[in-house]
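**Q** Position one of the sequence shown corresponds to residue 1 (my numbering), numbered consecutively onward. Virtual Cβ for every residue (Gly too), placed ideally from N, Cα, C. Got a structure for you, written out below as structure tokens; questions coming shortly.
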Amino acid sequence: MRSDCHMHMILDGQYWKSAIARHSSGPDIPWIRQVLSQYKAQGFTYLRDGGDRWNAGKAARDIAPEYGITYRTPLAPLCKADHYGAFIGEVWHNMAEFSALVRNHRQNGADFIKIMISGLMDFDRAGVLTEEGLSANEIKELIHIAHEEGFSVMAHANGARTVEAAAIAGVDSVEHGAYQDEESLLAMKENGTVWVPTLSTMGNLRGKGRYNETAVAAIWETAAENVRKFARIGGLIAPGSDAGAWAVPHGADTEHRLLTDLLGPNADAILSPATAIIQQKF
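Following this line, the structure appears as structure tokens:
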């Protein structure tokens, strides 16, 4: 039985604007059924959506039991105004607005809260993010508010200090987690943070020619080495492909294959505990 602990029903692995437009006047149910069929055919029984504000993930959750799939969604991810995430999520300007959004998500049936606390990798420049993360105090308060409302928290987080701050604040899972260092990896280990490294978003770019291939190779090697290091210290790693992102198709087996290549023959034993935690908490 397979799990994908980070995917986006609303995206299609090609062009995000046209993918979102497909659902702009309401979830495209035939599309959602097609995607769920692909996951079922590949043996997936658990999917955790990264969220969207058009309710594609929510609609998928309603339908997924017909395909033998447990499906979880945060509804829309929550992002700070003028920071990364507004293209797919709901925006807050201050903590009072964030608190109101969390309460609204509870009323509307969110399974967990997703917060956007950093930018993306710049795939043409290794080691560079599109923007720095939020402050440690902000990150701590966001996680505290969501936990107080009884939610587990998924954090889109890149950069060592951002990941470290989220782990120390008790975030339940870190998504992506690019450009970490010894301190941030140790913080995740010591605080029981599950890391979902979404290796497919990097590994699948190799040889595509869309970005600088030297930069892509360097980004991949950095991510791969951090995954190996985290596994060596006993960190919790769960498979999540970010399916729907460019060059990451739904229902494929790339994430498990990439993790297995890095972690070796004991990969399933390493991944199983974290996957179980994700399924329990989210």
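Thr130 to Met116, Cα distance in whole Å?
**A** The alpha-carbon atoms of Thr130 and Met116 are separated by roughly 13 angstroms.
**Q** Are Glu175 and His6 closer than 8 angstroms when you measure CB to CB?
**A** Going by C-beta atoms, Glu175 is nearer than 8 angstroms to His6.
**Q** Is the region 180-195 touching the region 144-152, taking contact as three or more C-beta pairs under 8 angstroms?
**A** At 8 angstroms Cβ cutoff, the stretches do not touch.
**Q** Excluding five sequence neighbours on each side, which residues of the same chain lie with their C-beta closer than 7 angstroms to the C-beta of Thr198?
**A** Only His6, Glu175, His176, Gly240, Ser241 and Asp242 meet the Cβ criterion.
**Q** Taking C-alpha atoms, which residue in Arg161, Ile63, Ile69 and Gly109 lies nearest to Gly43?
**A** Per the Cα distances, Ile69.
**Q** Counting Cβ pairs, one atom from each stretch, are 3 or more of them under 8 angstroms apart for the region 229-239 and the region 209-218?
**A** Not touching, per the Cβ criterion.
**Q** Pick from Tyr179, Val102 and His93: whose alpha carbon is nearest that of Asp82?
**A** Nearest of Tyr179, Val102 and His93 to Asp82, Cα basis: His93.
**Q** Is there at least one Cβ from chain D nearer than 8 angstroms to Ala243's Cβ?
**A** Absent here is chain D; the protein component of the structure consists of one chain.
**Q** Which residue or residues does DSSP assign as beta-bridge partners of Asp288?
**A** It is not possible to answer for residue 288, since the shown part of the chain is limited to 1 through 282.
**Q** Looking only at DSSP bridge pairs, what is Ile113 linked to?
**A** Answer is Val153, bridged to Ile113.
**Q** Going along the chain, which unbroken runs of the alpha helix (DSSP H) with 4 or more residues stay wholly within the region 157-197?
**A** Counting whole runs of 4 or more residues, the region 157-197 contains the alpha helix (DSSP H) stretches 160-168 and 182-191.
**Q** From this set, Pro77, Met95, Glu132 and Ala269, which residue's C-alpha is nearest Gly89's C-alpha?
**A** Here the closest residue by C-alpha is Pro77.
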